[in-house]
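Below you'll find the structure, written out as structure tokens, and then a few comments.
Residue numbers (the UniProt record's numbering): 1 to 172.
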């Protein structure tokens, strides 16, 4: 009987948008084992391995995925990489799914609805993904890569203030 495991989902920035990919680390490990030095061959190998992990990559988006995957591969190898800017509001709620984490998610969504503002909202529950942000407690609220709250559920007024600041900053 074959073992049926849950895929590990990793969020990466593709063309300014956050995209979730299945088993990216495994794909990157497979590419590393091929010891590819040619940039064009590297891009093709990355696309092939990521697709082998049952990820859908639209043909019209291949060049953007190639750029993003090369960036993630370099990061995986420990090389310095230049981050691509994400568009709009990107919000992460960090926490394992406790009642306070769910409440924080509900509060953020309520404020977004009240402000009539669009945003990408992700609830990140995997401990290794949470650790990448450097938050020392949960729930934590991250807005456009900045930790704004840790270990508590802020008031709607406070969340509204942070979101309005980021919305104004994005228009400048």
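Note that beta-carbon positions come from the ideal geometry of N, C-alpha and C, so glycine has one too.
Report the rounded CA-to-CA distance for residue i versus residue j, giving the unit in angstroms.
| i | j | result |
| --- | --- | --- |
| residue 139 | residue 38 | 43 Å |
| residue 47 | residue 116 | 37 Å |
| residue 165 | residue 114 | 15 Å |
| residue 41 | residue 32 | 12 Å |
| residue 99 | residue 34 | 45 Å |
| residue 16 | residue 84 | 7 Å |
Cutting at 6 Å between CB atoms, please list the residues of its own chain near residue i, excluding the five before and the five after it.
| i | result |
| --- | --- |
| residue 76 | 28 |
| residue 92 | 122, 124, 142 |
| residue 11 | 18, 20 |
Could you give the residue range of the beta strand (DSSP E) that holds residue i?
| i | result |
| --- | --- |
| residue 11 | 9-14 |
| residue 140 | 140-143 |
| residue 21 | 17-22 |
| residue 90 | 89-94 |
| residue 38 | First-last for residue 38: undefined, no H or E at that position. |
When the distance is taken between beta carbons, is residue j closer than 9 Å to residue i?
| i | j | result |
| --- | --- | --- |
| residue 53 | residue 21 | yes |
| residue 24 | residue 43 | no |
| residue 56 | residue 14 | no |
| residue 137 | residue 151 | yes |
| residue 153 | residue 103 | yes |
Three-state secondary structure (DSSP) at residue i?
| i | result |
| --- | --- |
| residue 30 | helix |
| residue 148 | strand |
| residue 119 | strand |
| residue 124 | strand |
| residue 50 | helix |
| residue 155 | coil |
| residue 163 | helix |
| residue 56 | coil |
I'd like the span of the alpha helix (DSSP H) that includes residue i, first residue to last.
| i | result |
| --- | --- |
| residue 110 | 99-115 |
| residue 67 | 62-76 |
Going by beta carbon distance, what residues of the same chain come within less than 7 Å of residue i, once the five residues before and after it are set aside?
| i | result |
| --- | --- |
| residue 74 | 81 |
| residue 149 | 140, 141 |
Can you list, in chain order, the residues of its chain whose CB lies under 8 Å from that of residue i, leaving out five sequence neighbours each side?
| i | result |
| --- | --- |
| residue 210 | In the structure as shown, the chain begins at 1 and stops at 172. Residue 210 is therefore absent and cannot be evaluated. |
| residue 1 | Summary for residue 1: the model assigns pLDDT 42, below 50, so the residue's position carries little reliability, and this model does not support an answer. |
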